[in-house]
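Asks: So for the sequence shown, the UniProt record's numbering puts the first residue at 1; every next one is plus one. Quick reminder that beta carbons are idealized off the backbone N, C-alpha and C, glycines included. Mind having a look at this structure? Questions to follow.
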Amino acid sequence: MTQATARHILVDSEAKCEELKQAIENGKDFADVAREHSSCPSGRNGGDLGSFGPGQMVPEFDKAVFNGELNTVMGPIRTQFGYHLLEVTSRS
């Protein structure tokens with residue numbers, strides 16, 4: 001079965017998500033931004049979600065994780081939890 005590892009940042013607005021994405025694209029470290037801004041408990045670990053397979057995350061997230069480019073910051077991705085920035089760090 002396909003597995004992926006990813007990290008994410010969860011915020012409550014699309015505008016904040018865009019602002020953080022810009023900061024990362026301009027050189028800020030993803031993990032540092034996650035620790036400072038993410039409302040998800042994973043933020044304490046730099047947004048690390050560990051390893052998971054298809055169907056273990058909400059559909060919008062799954063689609064991005066298993067179809068998007070590796071090591072690229074994707075988002076904003078809207079789910080019922082809020083707005084996410086997502087980076088897939090590996091897929092096998």
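#1: Which residue's Cα is closest to the Cα of Val73: Ser42, Pro41, Lys21?
#2: Can you look up Val65 in the DSSP assignment and give me helix, strand or coil?
#3: Name the DSSP bridge partner or partners of His84?
#4: Hey, which unbroken runs of the beta strand (DSSP E) at 3 residues or more fall wholly within the UniProt region "Disordered" (35-54)?
#5: Determine the closest residue to Gly82 out of Ala15, Ala6, Ala4, Met1, with distance taken between C-alpha atoms.
Replies: Put simply:
#1: Counted from its first residue, the sequence shown places residue 73 at position 73. The option with the nearest alpha carbon to Val73 is Lys21.
#2: If you number the sequence shown from 1, residue 65 lands on position 65. It is helical.
#3: In the sequence shown, the residue the question calls residue 84 occupies position 84. DSSP output for His84 lists Leu10, Ile77 as bridge partner(s).
#4: 48-52
#5: For the purposes of this step, residue 82 is identified with residue 82 of the sequence shown, where counting begins at 1. Checked all of Ala15, Ala6, Ala4, Met1; the closest Cα to Gly82 is Ala15.
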